[in-house]
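All remarks here apply to the structure that follows.
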Amino acid sequence: MAIKTKYYRLILYYLDNLTPIKDPSLSALNELYIDCNRRLQALDALGEKTQSYGRILAPKILRAFPHEICRNWVVYAKRENLAESDITKLMKFLSEDVEGTITANNIKGSLVPSYPIKSSLENFNVHSRPISKDKKISPFCPFCETFGHWPQQCNSVTDIDARIQKLKATNRCFLCTNRGHVQKNCFRKEKYCCSKCRKKHHVSICKTPTNEQSAITSTNKIDTSTYNFVHLQTARVFITGSNGITKLTRCLLDGGSQSSFISSDLVDTLNLPVISTGPLDLQAFESPTSFSHKRRQVQFQLSSIWDKSKVNVIAFESSNRYASHPSSPTDVSRFAKSKRMKLADPDDSLSSLPIEILIGADFYWNVMHSDAPVKLSDSLALVPSSFGWILSGSRSHATVSFNPTVHSINVDTLTHELDNMVRNFWNLESIGIQPIQEKLRLSTHNAELLTNFHQSFKIIDGRRVVHLPWKPEVKLTSSNYDTAIHRFNSWTRRIHANTELKQKYAKQMQDYIDKKQVEAVLKDTQNEVRLFYLPHHAVKKDYK
928 MAIKTKYYRL
938 ILYYLDNLTP
948 IKDPSLSALN
958 ELYIDCNRRL
968 QALDALGEKT
978 QSYGRILAPK
988 ILRAFPHEIC
998 RNWVVYAKRE
1008 NLAESDITKL
1018 MKFLSEDVEG
1028 TITANNIKGS
1038 LVPSYPIKSS
1048 LENFNVHSRP
1058 ISKDKKISPF
1068 CPFCETFGHW
1078 PQQCNSVTDI
1088 DARIQKLKAT
1098 NRCFLCTNRG
1108 HVQKNCFRKE
1118 KYCCSKCRKK
1128 HHVSICKTPT
1138 NEQSAITSTN
1148 KIDTSTYNFV
1158 HLQTARVFIT
1168 GSNGITKLTR
1178 CLLDGGSQSS
1188 FISSDLVDTL
1198 NLPVISTGPL
1208 DLQAFESPTS
1218 FSHKRRQVQF
1228 QLSSIWDKSK
1238 VNVIAFESSN
1248 RYASHPSSPT
1258 DVSRFAKSKR
1268 MKLADPDDSL
1278 SSLPIEILIG
1288 ADFYWNVMHS
1298 DAPVKLSDSL
1308 ALVPSSFGWI
1318 LSGSRSHATV
1328 SFNPTVHSIN
1338 VDTLTHELDN
1348 MVRNFWNLES
1358 IGIQPIQEKL
1368 RLSTHNAELL
1378 TNFHQSFKII
1388 DGRRVVHLPW
1398 KPEVKLTSSN
1408 YDTAIHRFNS
1418 WTRRIHANTE
1428 LKQKYAKQMQ
1438 DYIDKKQVEA
1448 VLKDTQNEVR
1458 LFYLPHHAVK
1468 KDYK
């Protein structure tokens, strides 16, 4: 805002200090018009309405031009019934006048200057910033993070779930794929939607099957709550090859393996760079013999699904397939969510991804952190890593210590009370509509209140009188006399300072006495224990 104001003042300063032309040559007239028009276009670009400044700017601009041009403008404005301060009409008139002067001099055979004079009509719509007509918006893909194609045209990351995870990891909007906001706060949500399913998400992450594809619904679920189950250290990661193709997969961390391994299919798909090729001696646990195979050794990069953490790994290819392994169970996921911990292998729709990478002891501690793990039980813990918190350990007869919030207590009691309230409300509403029930089902407390009401109800001098429902056998610990007399004395001192209030208060209290609404308490030693003194004070309310 400060730069805009400064630039605005510089433009006005230039127009205010225009130097009148002493030698009205063609080049001087043309350059003066071009400079003035550029300044006015710059004011328009800053958001200022130059038409409203016509009374100020028009005299300053005309003062710089020759007297003959000023006279022609005044005559032209009167003939066309225009305001002399109309800055738009003035600039158009000056452009035509200067252009006509140049054309007339060329017809007469005047000397043309050595440099080309740009037409004033061409400069009438000049801009303060040059605009390139050939400039095109270069599309950007947030999945492979390269320019040249739109997200829906990406061939590097083709899996929909991998694309969704990539948007989450880079904090991008699911509707416009831009950074800095989410879909519910996107300013395009009222206009844009998916072209396939018409929902509020980008077409590149739409899971709606096309006519050529059939929707496949999986109903399988692995129950991880069984006893005697050991969770291996698994994590969900992005793997990127040399060709820029990124894929979402799962890896297994094994500190008991001396080397790291990766699936041969993944090596060929991502075209991972081969560092070396040589024999690899393998010996399995409890196997008396070892065997050697010629393997390729490749290099790749793993990145977290939550942040920008990356780890470079060198591994041997392997044609073996790893057994399926479940992700974090539901109770662990709820515990991690309550503690705001991001699991490396969360329990969601992508938990069934196959394990295609094994990270051995050679790169194990490049991934794991030295922070203390969080123990969930005696044999189960969450271990910190660059990819998030990794679940590790046995669930043998162990449960996760997680105390959920209690939302309701004694539901049956609340339901019965609610039923009674609704029943009583209905009975009140149905008075005079349906016959009165012979016997209402009242609670013990309500039955006692109704009995006391009938016993104490009397009609005295045409007035209905009923006793207050005092609780029986209540003994007061104090009569509150000292506190009441102290507050009464304090109130008395306050009203003595206000004569009008004192008179109104005395008049009102006398009215209570005359109407026998109050009476004096007689000194009775037998009822002394039942006396309780309350201080009285006036409530003043001013009516306007």
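The opening residue of the sequence shown carries number 928 in the numbering used here; numbering runs sequentially from there.
Ideal Cβ positions, reconstructed from N, Cα and C, are used throughout, including at glycine.
Note that the structure is a prediction, hence the values are computed from the model and not measured.
- Boundaries of the alpha helix (DSSP H) around Asp-1289: 1288–1294.
- Within the model, the alpha-carbon separation for Lys-1398 versus Glu-1375 is close to 11 Å.
- Residue burial is scored here from C-beta neighbours: Cys-1100 has at least 16 other C-beta atoms within 10 angstroms and is therefore classed as buried.
- Rounded to whole angstroms, the separation of the alpha carbons of Gln-1435 and Leu-1461 is 18 Å.
- Taking a cut-off of 8 Å on C-beta distances, the segment 1172–1184 touches the segment 1267–1282, as three or more cross pairs fall below it.
- With a beta-carbon spacing of about 16 Å, Ile-1202 and Ile-1166 fall beyond the 8 Å limit used to define contacts.
- Note that the segment 1288–1299 does not touch the segment 1188–1204; fewer than 3 beta-carbon pairs, one per stretch, sit closer than 8 Å.
- Where Trp-1316 is concerned, the enclosing beta strand (DSSP E) starts and stops at 1315–1321.
- The C-alpha of Phe-1067 lies about 4 Å from the C-alpha of Phe-1074.
- A straight-line Cα-Cα distance of about 56 Å links Ser-1406 and Arg-1267.
- Between Val-1164 and Ser-1230, the beta carbon gap of about 7 Å places them in contact (Cβ cut-off 8 Å).
- Ser-1405: not part of any beta strand (DSSP E); DSSP gives it neither H nor E.
- Looking at the DSSP output, Glu-1244 shares a beta bridge with Ile-1189.
- Rounded to the nearest angstrom, the Cβ distance from Lys-1134 to Lys-1127 is 14 Å, too far for a contact under 8 Å.
- When only Cα atoms are considered, Ala-1096 and Thr-1104 end up about 12 Å apart.
- In the structure shown, the three-state DSSP call for Asp-1208 is strand.
- No Cβ-Cβ contact shorter than 8 Å links Gly-1315 with Ala-1089.
- Per DSSP, the unbroken beta strand (DSSP E) holding Lys-1221 starts and ends at 1218–1231.
- The residues His-1296 and Asp-1298, in chain order, have a CB closer than 6 Å to that of Pro-1311 in the same chain once the five nearest residues on each side in sequence are set aside.
- Gln-1437: member of the alpha helix (DSSP H) spanning 1426–1441, first to last residue.
- Annotation: the continuous beta strand (DSSP E) that includes Cys-1178 extends over 1173–1180.
- In the three-state reduction of the DSSP assignment, Leu-1102 falls in the coil class.
- The criterion of a C-beta distance shorter than 8 Å is not satisfied by Glu-1072 and Leu-1193.
- Judged by DSSP in its simplified three-state form, Gln-1444 adopts coil rather than helix or strand.
- Under the 10 Å beta carbon count, Gly-1107 is surrounded by fewer than 16 other beta carbons and is classified as exposed.
- Here Cys-1124 carries a coil assignment [DSSP, helix/strand/coil].
- By the C-beta density criterion, Leu-1377 is exposed, having fewer than 16 other C-beta atoms within 10 angstroms.
- According to DSSP, residue pairing for Pro-1311 in a beta bridge involves Trp-1316.
- Counting the other Cβ atoms within 10 Å of the Cβ of Asp-1024 gives 16 or more, which makes it buried.
- In the displayed model, Glu-958 falls within a helix according to three-state DSSP.
- In this model, Trp-1353 and Leu-1403 are separated by some 40 Å (Cα to Cα).
- Rounded to the nearest angstrom, the gap between the Cα atoms of Lys-1443 and Pro-1396 is 22 Å.
- Scanning its chain for C-beta atoms nearer than 8 Å, with the 5 sequence neighbours on each side dropped, one finds around Gln-1185 the residues Gly-1287, Ala-1288 and Asp-1289, in chain order.
- The secondary-structure analysis by DSSP pairs Phe-1165 across a beta bridge with Leu-1175 and Ser-1230.
- Nearest to Gln-1079 by C-alpha distance, out of Lys-1123, Cys-1113, Ser-1122 and Val-1130, is Val-1130.
- Between Leu-1009 and Cys-997 a beta carbon distance of about 15 Å is seen, past the 8 Å cut, so the two are scored as non-contacting.
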